[in-house]
Structures are given as structure tokens and as C-alpha cells.
Amino acid sequence: MIPLINKFKGCDKENPFKDSQAKNFSNKKLMTEFCPTSFFWSLFNDQHEVLVGTRGSGKTILLRMMQYSLLRHIIHPEAKRIVSSRRYFALYVPTNIEFLRTINPSDLSYKSRTEFFQFGFNCFLAQTFLTEIYSVLQDIRTDFIEQSKLELSLAKKISRMWFPDMQPCATFKELKFQLGSMYHNFNFHKETDLSSVPLVFSKPIGTPIQSVSGHIYQDLEMEEEPKWLLCIDEADFLDEDHLKCINTLFRTYSQNIVIKMATLPFRHITRETSIEGEYAEPNGNDFNYRSIAFQPDGEDFKKITNQLCENRINKVLTGEVLTGVSLEGLIGFEGGDHLIDYYKKEIDNTEITREEIELGIVNQFSEKRKSQALKNGIGSGKNLKPVYNKFAPIYFLREMYKKNSIGANVAGFYAGPNMIRKVSEGNPRIFLQIMNQIFEEGMKTRLTPKKQTQILQKYANQHVEITERLPERGKDLAEILEKICSYIKQRTHNDALSDVGNDFLLEENEINNKQLVKALELGCAYSRLKVDENSLISEISTKTVFTLSNLYALMYWIPMRNGGNTLIWNKEKSQQVNVKSYKLDNLQTSFKFE
63 MIPLINKFKG CDKENPFKDS QAKNFSNKKL MTEFCPTSFF WSLFNDQHEV LVGTRGSGKT
123 ILLRMMQYSL LRHIIHPEAK RIVSSRRYFA LYVPTNIEFL RTINPSDLSY KSRTEFFQFG
183 FNCFLAQTFL TEIYSVLQDI RTDFIEQSKL ELSLAKKISR MWFPDMQPCA TFKELKFQLG
243 SMYHNFNFHK ETDLSSVPLV FSKPIGTPIQ SVSGHIYQDL EMEEEPKWLL CIDEADFLDE
303 DHLKCINTLF RTYSQNIVIK MATLPFRHIT RETSIEGEYA EPNGNDFNYR SIAFQPDGED
363 FKKITNQLCE NRINKVLTGE VLTGVSLEGL IGFEGGDHLI DYYKKEIDNT EITREEIELG
423 IVNQFSEKRK SQALKNGIGS GKNLKPVYNK FAPIYFLREM YKKNSIGANV AGFYAGPNMI
483 RKVSEGNPRI FLQIMNQIFE EGMKTRLTPK KQTQILQKYA NQHVEITERL PERGKDLAEI
543 LEKICSYIKQ RTHNDALSDV GNDFLLEENE INNKQLVKAL ELGCAYSRLK VDENSLISEI
603 STKTVFTLSN LYALMYWIPM RNGGNTLIWN KEKSQQVNVK SYKLDNLQTS FKFE
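So in the working numbering, the last spot in the sequence shown is 656, and the numbers never skip.
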């Protein structure tokens, strides 16, 4: 089958994979790009939840698409059920840096910081609330006259509650104008309190919604008062004082308000509440942590990447609409799209047997392991799992690295849909950024495995280079990862073939090094490292297994797998070698965490 991308060779249109920031998408584009998963549907529940995900993992698109005004346009049985039940209404509020700059002048007292945050948040919340209930109004009143009558009734009820000292508003548009005027004319730099604003907006977040919900739900033909899901995006920008306001809602009776807060790993930095001595407890007691992470080889991520390809490709087509587009159909693949298929193509021997490969593996073993494998017999059942299945990927990697190291040669090993998804780490933004470069080259030349390898290596190099420019501890993180990767690379290619992997642990005394831990946490947030889910939603410990990202593995030609021997990070020189692990004796560094 000829790859679909060949159709665009010489195309002079804009690269359809250029955009990767969901927060900048219009509602129309968001609905086109959206691919619902089981995780998405599970968010419609009564439990407060903190959603933890890396940069680009899809937090924003999940929270935005939960809104009734967008969900009602999605053709899916679950969407239809949720919309028709009118039990859950999501209200999206991004707490981004622009918002926080406005409400956070310098030299504010704790009391003022809390009050100003609640006021600003409630203003934005009220705006999105009006948008959502107007969508309901449109669905239950199709006649324009009837719509207008109901809007007038609702607008009067709401404005009397929110702005009791003013003439009631007649439309939602008037209400929104009043909200905007109140917010934008409040001088956060000069005012010291909120005495000039209606009381309902100075109270804890969610109060404006709670104040009117019980008075309007029957007018909107709801059988019972709904749950209002406050979808708080970009909460990693919030400081401790702001988080205390949200944690207080976790801990207290929230009167039909349910929090869905998205943040980066390790950025829910406090569980304190505004009540002294009271803490919000996770694990379902007051709230739950949930990880937003797609498995690169999972069906959900495959579905998402295929839909992204179909949507983006149709943007550059003229006069036709393609359906059933997949990443596989777009760029093509060798054989079954497995490592062995690209290995066979690179050595120009598609007929090579398991026995021949296994003999190559065994010849690179240590003498002890080699002796046992030969005793079992090349190609025997005894060698299938412990020798061939286990070591073939590392053997292919070693052989391809040798070829790649000869002059200007490029070994076409890092190629194909499976590899692209794998190095994307289940992260939609990384996938789109890679596909941007793939498509750019595809418009110029044929995407052979060698060309794809060059593209992925270029992207990986950019990814690695940017690490030192990440905020806070980026430079420290870059130095740590460079030394670990270099060490693993040496063990992978210079020593006897062994069960080496791309994972490591922290030595017990390093857990107390807060700046080191912060650097590693930064790596987790920006897809340089992965950790087990328990550590991701709680904290780093000596049991935390860190795994280098597949982009780092690609850059350094090291295995994209956990090994049987786990590295233990230890800055101090040690000769001790454990049975199941080995210490990084040669990783003496000049790290000075200040």
C-alpha cells in the first residue's frame, strides 16, 4: 500500500499538524479534534478529583469538552446520555498566569490574596455558568419567543441574587456585561478589600452558583438540582494560598459543587485548608488523585492519534473528505511494524532466521551466560523467552548503533507508526509536534525508514537540548539525565550484552536532597522522566522507579525498556553491588543544589 503522505509531495499548503496547543483552539476546532475515551466519561461523577498529567497530556481538552455547550454536539451514546440526564454541568475556569497576574499585585496580605482570588475566580465562573445554562435554554425551548421569555425570567432571578442593589437584567448578555464591568473596573492594585462588590462574589469559590442553582433548575426542566463540576485548569500556577481555598471545598460540605482540578505532577503542593489545622485527605476521603496518562501502545492512544491524523489531513484536501485515515495508512510501515522488521530491512536480509539472530545474541553474552545458552541449544524452547525474546531488542539496538556510527550512515531503525507513538509517550502534544516535522519532510521527499529515523533523532535532540532551559531546576535536570544516559549507553554498547534498561532509583540518603528531588519532579512534569502511578500522585520515595523518556532513550541509543538490573542513583562513590541493582559508581558529579 502506498502511504497517503505521498499524495502531498510538493504540496504548498500550510502544514496541518502545526497547531498543538489545545488552550488556543476555538470551540469548533476543539470539537473536531476531540476523541472521547473511557477516562473522559469517568470524569462525570460526584467525587472531587485532582487530575495529574504532564505538559501536553490532554488536560485542557478533557476539561473544556466536559462543558454541556460542547458535549451536546458530540455524536456518542455516552454524550447523549449525559446531556439528556442534565445531572452534571461542567464549568471551565483556567487559572492561567494571565489571570493570576491580574488578581495578585505585590505586597498583598494573606487575607487580601485569598479574597481577591475568590472574587476573580467567581467572576469567571459566573460567566461560564451563564454560557452553559443558555445552551440548556436553547435545547429545551426551540421557539425564539419562548426562549426569550424563559431567558428574561432566569436573568431576573439571577441578577436579583447577584446584584441586589441594581435594576434586574433582562438577558444573559446584560448579565455578562455586568459581570465583566464589575471585574475589569475593580482596581486590584489600589483596593484593599471587596466592600465595593456584591457579597456573593467575595465568598468562597462557587458561591454565586450555589446561590442561584436551587432557584432555577426546575425552570430548566431538571428533575433535581444538578452537580456543578468546577473544571479548574492550569492549577500548577496556583500558590499555596490559592490552593487552600480549593482544598477547603474538598474538606467541607460543598453543596452540589464538585471540583475537577488539572495540574502538573507534584504541583498540588499543599493539602492545607483555610481552616487552621484542617487538611484535605486523598484516596476518596475528601478527594482523589487521578493520573492522565495514555499508554503509547494502548487502544485509546492509537484511537486518538488516528483521529488526529484524519482530522488534520482533511484540512489540506480539496474537494474530498477521507474517512478511516490512520497513522499507519498515512506514513506506511515495514512488515508488521516491529523492531525486527526495521532491523531486517537495514541489514537487507528479510529471510534471517530466529536461530541466526539468537546466535548473534549469544555471541555477545558474557562467558557464563553464553555457556548456559549454548548448553540449552540455539533455537531451543528453553532459549525462547530468556534469550531470544528478552535480548533481541537490545541486540538489534546494538547492531543498529554500530551501523549508525560508521561515517555519515543512518540506520533506519527508529521508524514506523509504533515507534512514533512510543516516543510520543502517550502525549498528544508531543505526537503532534513530531507529526509536524514528519509531514514537513513528507511534502519534500519519500519517508523511508532512514528519513524517519533522521526526523525522530532531530526532534529528540531538540527535546534534550531544551531540558536545560526548563523553569527552576532545568539545568540541574539536564546534567543529571546526561550523566545517567551516558552511563547506560556505555553499559548498553561497550559491555557484554546484558539485561540493561532505562530505569533508576534514588539512594536513600538522596531523598533528603530537596533540590535534587525538585529537579527530578520537573523532569516528570515535562516528559523527560516517568514514574510509577503511586509516586506520581503522592510523592517520590526510595521505592520510586524513574524511567527515562523514550525520546532520551532514542537520543542516546539506549533501550526503551525497564531492565532487570535497576540503577541506583548515588553521588558518593561506592563499590557495593547488589544482586538486582548496581550503583552508578562513575557518576561522580559537581552538582551543587543551591
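From the three backbone atoms N, C-alpha and C, an ideal C-beta is built for every residue, glycine too.
Close beta carbons around residue i, own chain, < 7 Å, minus the five adjacent residues each side
i      : result
Arg590 : Thr529, Leu539, Leu543, Ser611 and Tyr614
Ile492 : Gly118, Ser486 and Ser589
Tyr196 : Phe234
Leu537 : Rather than Leu, the amino acid found at residue 537 in this sequence is Lys. These residues qualify, in order along the chain: Glu530.
Met238 : Here residue 238 is Lys; the residue named in the question, Met, does not match the sequence. So the list reads Gln189 and Leu192, once near-sequence residues are dropped.
Asn438 : Lys444 and Asn445
Extent of the continuous alpha helix (DSSP H) to which residue i belongs
i      : result
Trp103 : Ser100 to Ser104
Thr325 : Counting along the chain, Thr325 falls outside any alpha helix (DSSP H), though it belongs to the beta strand (DSSP E) covering Ile319 to Thr325.
Leu389 : Leu389 to Ile393
Leu162 : Ile159 to Ile165
Cys586 : Lys576 to Ala587
Ser243 : Phe234 to His246
Leu384 : It is not in any alpha helix (DSSP H) - Leu384 carries neither H nor E in the DSSP assignment.
Lys199 : Checking the sequence shown, residue 199 turns out to be Leu, not Lys. Tyr172 to Ile202 is the extent of the alpha helix (DSSP H) around Leu199.
Phe206 : Phe206 to Trp224
Which listed residue (the options) has its alpha carbon closest to that of residue i
i      : options                           : result
Trp619 : Ile573, Ala587, Trp103 and Asn564 : Asn564
Val112 : Glu418, Arg416 and Thr332         : Thr332
Glu338 : Ser88, Met323, Thr310 and Met228  : Thr310
Ser428 : Ala558, Phe102 and Asp227         : Ala558
Ala84  : Pro490, Ile137 and Thr157         : Pro490
Ile271 : Leu291, Lys252 and Ala355         : Leu291
Cys185 : Ala232, Lys142, Gln240 and Lys219 : Gln240
Pro455 : Ile440, Ile482 and Asp403         : Asp403
Arg148 : Arg134, Asn425 and Met223         : Arg134
Gln109 : His246, Asn166, Lys289 and Leu199 : Lys289
Glu177 : Asn107, Ser258 and Ser131         : Ser258
Gly115 : Arg623, Glu595, Asn498 and Gly625 : Glu595
Ile278 : Ser221, His525, Lys322 and Asp301 : Ser221
Leu92  : Met63, Lys71, Lys69 and Ser131    : Ser131
Tyr341 : Tyr351, Phe312 and Phe363         : Phe312
Distance, residue j Cα to residue i Cα
i      : j      : result
Glu208 : Thr190 : 23 Å
Ser336 : Ser388 : 50 Å
Gly658 : Tyr463 : Since the first residue of the chain shown is 63 and the last is 656, residue 658 is not available in this structure.
Glu361 : Ser100 : 11 Å
Phe475 : Glu343 : 48 Å
Lys635 : Pro621 : Residue placement at Lys635 cannot be trusted, given a pLDDT of 41 that sits under 50; what the coordinates show is reported in the next sentence. Their backbone Cα atoms lie some 25 Å apart in a straight line.
Arg508 : Ser82  : 24 Å
Glu296 : Leu105 : 17 Å
Tyr150 : Lys90  : 22 Å
Ser171 : Asn345 : 33 Å
Asp74  : Thr367 : 24 Å
Asn19  : Val378 : No statement about residue 19 is possible, as the shown extent of the chain runs from 63 to 656 and does not include it.
Lys218 : Glu285 : 22 Å
Glu601 : Ile573 : 11 Å
Val472 : Thr628 : 30 Å
Pro511 : Lys407 : 9 Å
His246 : Phe263 : 14 Å
Phe102 : Gly443 : 44 Å
Ile414 : Tyr405 : 10 Å
Glu160 : Arg143 : 36 Å
Cβ neighbours of residue i in the same chain (closer than 6 Å, five flanking residues each side left out)
i      : result
Leu66  : Gly391 and Leu392
Ile123 : Ala84
Phe96  : Met127
Met323 : Val112, Ile294 and Ala297
Lys580 : Arg535
Span of the beta strand (DSSP E), counted from its first residue to its last, around residue i
i      : result
Glu111 : Glu111 to Val114
Tyr154 : Tyr150 to Pro156
Leu291 : Lys289 to Asp295
Arg352 : Asn350 to Ser353
Lys554 : The residue asked about is misnamed: residue 554 is Thr in this sequence, not Lys. Where Thr554 is concerned, there is no enclosing beta strand (DSSP E), although the alpha helix (DSSP H) it sits in stretches over Gly536 to His555.
Cβ pair residue i, residue j closer than 8 Å
i      : j      : result
Phe79  : Phe349 : no
Leu598 : Ser353 : yes
Gly488 : Pro327 : no
Leu212 : Asp169 : no
Pro479 : Phe395 : yes
Gly422 : Tyr457 : yes
Asp303 : Arg163 : no
Gln180 : Ile267 : yes
Close-in-space but distant-in-sequence residues of the same chain around residue i (CB under 8 Å, 5 per side omitted)
i      : result
Lys432 : Val424 and Asn425
Met617 : Gln519, Ala522, Asn523, His525, Val526 and Cys547
Thr157 : Phe183, Ile294, Asp295, Glu296, Ala297, Phe299, Leu300 and His304
Thr254 : Ser174
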